[in-house]
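9 is the number of the first residue of the sequence shown in the working numbering; add one for each residue after it.
Every residue, glycine too, gets a C-beta built ideally from N, C-alpha and C.
The structure under discussion appears below in the form of structure tokens.
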Amino acid sequence: MKEEGTSEHRLHAAREARAVVPIVLGIDPGTRVVGYGAVVVAAKGPKLLACGALRAERDDDVPVRLAWLRGELDRLLAKVKPTVVVVEAAFAARNVQSALRIGEGRGVVLACAAATGAKIVQYPPAVAKKALLGHGAADKTQVAWMVGELLGLAKIPEPLDATDALALALAWVQRGEQGARSRVGGRAGREELPEAIRVALEGARRTRGVGRRG
């Protein structure tokens with residue numbers, strides 16, 4: 009019991025230490041490729057901190073991949089020191105085997121994140137898409153485009169696993185601006201979207217349209 013209390017105290021201290029400068033880390037889980045994207049919630053809006061993808065060897069057995077992933081995630085979390093970790097939630101997949109494998113990867117991600125004391129949030133893909141684009145049917149290129157717009161980047165980050173992860177982090181920020189319990193069902197009108205997203209979407213409509221940017 010004493011050891012558990014000490015562990016809880018350390019996790020609480022870790023949360024308190026990171027609360028001064030909110031850092032949100034999005035993670036798009038898998039068993040071979042895991043996308044990640046971290047943003048700092050600055051006064052003038054979120055700023056890119058880091059992004060990329062962790063890639064395990066294709067020929068390694070699943071247990072070996074998961075062990076490798078755990079080590080890489082531990083190093084990433086220690087470097088980024090997120091206040092919040094947003095993980096893509098499980099969703100129905102046609103391929104049962106693929107769903108099981110992704111679930112194994114999610115388990116490693118959640119365990120590593122929980123060990124840091126960060127707040128853990130899980131969003132289905134459609135929720136993150138709606139938070140950024142106003143609907144949940146956007147494709148990966150549209151999501152990547154909006155990520156670049158919201159972060160003010162001259163070049164959209166690669167690969168798409170990274171922009172998917174950044175979208176999760178940005179979705180938490182945007183939903184936080186609208187209230188933690190903002191509704192996510194049904195069709196969103198433009199008036200329901202945060203100002204930064206409305207401006208970006210209107211700009212896209214006047215030029216080449218969402219998702220056509222190379």
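(message) Restricting to Cα atoms, I'd like to know which of Gly184, Lys87, Ala97, Ala152 is closest to Val117.
(response) Ala97
(message) Going by DSSP, what residue range makes up the beta strand (DSSP E) through Glu166?
(response) Looking at the DSSP string, Glu166 is not in any beta strand (DSSP E), and its letter there is neither H nor E.
(message) Quick check: the Cα distance between Cys120 and His143, rounded to an integer number of angstroms?
(response) 31 Å
(message) Given a cut-off of 7 Å on the beta-carbon distance, is the pair Trp76 and Val129 in contact?
(response) no
(message) Using the three-state DSSP reduction, which class does Glu112 fall into: helix, strand or coil?
(response) helix
(message) Taking the straight line between their C-alpha atoms, what separation do you get for Ser190 and Gly111?
(response) Confidence at Ser190 is low in this model, with a pLDDT of 34, below 50, so the placement of that residue should be treated as unreliable; the coordinate-derived value is given next. Each residue's alpha carbon lies about 27 Å from the other.
(message) Measuring only the C-alpha atoms, how far is Leu62 from Ile35?
(response) 10 Å
(request) Pull up the DSSP beta-bridge partners for Cys59, would you. (result) Gly45
(request) With a 10 Å radius around its C-beta and 16 neighbouring C-beta atoms as the bar for buried, classify Leu141 as buried or exposed. (result) buried
(request) Determine the burial state of Pro71: buried for a count of at least 16 other Cβ atoms within 10 Å of its Cβ, exposed for fewer. (result) exposed
(request) Kindly list the residues whose CB is nearer than 7 Å to the CB of Ala196, restricted to its own chain and excluding five residues on each side of it in sequence; keep chain order. (result) Reliability fails at Ala196, whose pLDDT of 35 lies under 50, so the model's placement of it is uncertain and the value that follows must be treated cautiously. Within the same chain, Ala196 has close Cβ partners Lys138, Gly142, His143.
(message) Within the continuous beta strand (DSSP E) that includes Glu157, where are the two ends?
(response) Not the beta strand (DSSP E): Glu157 falls in the alpha helix (DSSP H), residues 148–159.
(request) Excluding the 5 residues preceding and the 5 following Asp82 in the sequence, name in chain order all residues of the same chain whose CB lies nearer than 7 Å to its CB. (result) Cys120
(request) Report the residue from Ala64, Glu166, Arg40, Val93 whose alpha carbon sits nearest the alpha carbon of Leu178. (result) Val93
(request) Give the range of the alpha helix (DSSP H) segment to which Glu65 is assigned. (result) Counting along the chain, Glu65 falls outside any alpha helix (DSSP H), and DSSP gives it neither H nor E.
(request) Check each candidate in Gln182, Val42, Arg183 and name the one with the smallest Cα separation from Arg109. (result) Val42
(request) Identify which residue in Arg40, Pro54, Ala146 has its Cα closest to the Cα of Leu33. (result) Pro54
(request) Using DSSP bridges, identify the partner residues of Gly34. (result) Gly45, Val94
(message) For Pro165 and Arg66, what's the separation of their Cα atoms in angstroms?
(response) 23 Å
(message) Output needed for Ala188: all residues of its chain with C-beta closer than 6 Å, excluding positions within five of it in sequence on either side, in chain order.
(response) With a pLDDT of 39 at Ala188, under the threshold of 50, the predicted position of this residue should be treated as unreliable, and no value is reported.
(request) Go to Lys138, then tell me how far its alpha helix (DSSP H) extends in each direction, as first and last residue. (result) 133–141
(request) State the beta-bridge partners of Gln130 as determined by DSSP. (result) Val95
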